[in-house]
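Residue numbers (UniProt numbering): 1 to 364.
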């Protein structure tokens, strides 16, 4: 190794391993950079000290590895949120100095996570959250029909929109099919083809036995009766719950009949006609007794509804209960009108008698 002022000695042919003259370093101070403090995150990525899972065939091994990873690398960062945030802020500051990134961009990104004032929400959020359209059946149908790809992707909705007006009649198919099955069990393999073509339902009834006729009659009446009609128990509970007479000033023990009818009418108009999520088999009192819906008059107390409102009525019986109570009120008013007419027709006879007497006296 030779220095800058090295001179080879005469006749020296061997390798000179020792310098005769001292050499001074030509390096400048700080030329060789010193090693900075290693970053834990970078060191973890470059030289991870965790054991890589070779074969996690058992759930216990996988759970054990996840627990160790969370304890060694996740928990230290989330234990002290303030310290982690400070380090992250320092890294951001260094990154802005090195890369000459505009501080406004980073500050804007960080400020997005801070609490927004009411003024900020009024000025900026309306541009992000705005009403695109009314959420209703018509808007859904229009959105679906404007793109033919929707028809190919969702063919069931195309059938639904096409027959939407007739879907409410599907509930009547089961009674019809059930009745047809009953007829089929009575007629199958008993008629020839030629006779079956001209055979009518009336002929079948006339040729059947009395037992068959009575069975078919009961079955037909059972299926023909509306499934949502009121039974005797429901009617009796309604009659026991409502009060047809006007309030006498005392505390009511029953629901006023007019208030009962008004509440059912309001419920049908406001909720049953608009809300399709209500189940027909739910008890009616769950919804009607809710005073927050503002269905009842101010004179009706919530405690009274909880005590006397019929608990056998279902959602499917709402309209029938309304009609039944309304008819009861009309019959009661007609009876009062009839009684009033009778009393009026009897009352003038009592008044005419003294007048006639006075008139007769004048004539005399």
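Idealized CB from N, CA, C, for every residue including glycine. From a predicted model like this one, the values you see are computed outputs, not experimental measurements.
Run through DSSP, which three-state label would residue i get?
i: residue 243; result: strand
i: residue 255; result: strand
i: residue 283; result: strand
i: residue 60; result: helix
i: residue 121; result: helix
i: residue 200; result: coil
i: residue 297; result: coil
i: residue 275; result: coil
i: residue 146; result: coil
i: residue 172; result: helix
i: residue 184; result: helix
i: residue 194; result: helix
i: residue 28; result: The predicted position of residue 28 is uncertain, since its pLDDT is 49 and thus under 50; no value can be drawn from it.
i: residue 307; result: helix
i: residue 134; result: coil
i: residue 154; result: coil
i: residue 80; result: coil
i: residue 167; result: helix
i: residue 292; result: helix
i: residue 139; result: helix
i: residue 233; result: helix
i: residue 55; result: coil
i: residue 161; result: helix
Mark residue i as exposed unless 16 or more other C-beta atoms lie within 10 angstroms of its C-beta, in which case mark it buried.
i: residue 317; result: buried
i: residue 280; result: exposed
i: residue 249; result: For residue 249, the pLDDT reaches just 48, beneath the cut-off of 50, and the residue's location in the model is therefore unreliable, although a value from the coordinates is still provided. Burial call: exposed.
i: residue 124; result: exposed
i: residue 267; result: buried
i: residue 260; result: buried
i: residue 74; result: exposed
i: residue 295; result: buried
i: residue 61; result: exposed
i: residue 321; result: buried
i: residue 170; result: exposed
i: residue 325; result: buried
i: residue 313; result: buried
i: residue 197; result: exposed
i: residue 288; result: buried
i: residue 56; result: exposed
i: residue 238; result: buried
i: residue 183; result: exposed
i: residue 230; result: buried
Hey, is residue i close to the ligand FAD, as in C-beta under 8 angstroms from one of its heavy atoms?
i: residue 267; result: As far as ligands go, the structure on display features none, and thus does not contain the ligand FAD.
Kindly give me the distance between the Cβ atoms of residue i and residue j, rounded to whole angstroms, as I take these residues to be in contact under 8 angstroms.
i: residue 300; j: residue 242; result: Not quite, the Cβ-Cβ distance comes to about 11 angstroms (not below 8 angstroms), so this is no contact.
i: residue 257; j: residue 329; result: 5 angstroms
i: residue 310; j: residue 234; result: 6 angstroms
i: residue 304; j: residue 252; result: 7 angstroms
i: residue 141; j: residue 161; result: 5 angstroms
i: residue 336; j: residue 315; result: The pair is not a contact, with the Cβ atoms about 33 angstroms apart (cut-off 8 angstroms).
i: residue 77; j: residue 84; result: 5 angstroms
i: residue 244; j: residue 332; result: 5 angstroms
Inset, instruction - With a floor of 3 residues, list each beta strand (DSSP E) that falls wholly inside the stretch 309-339, ordered by position along the chain. - result: none
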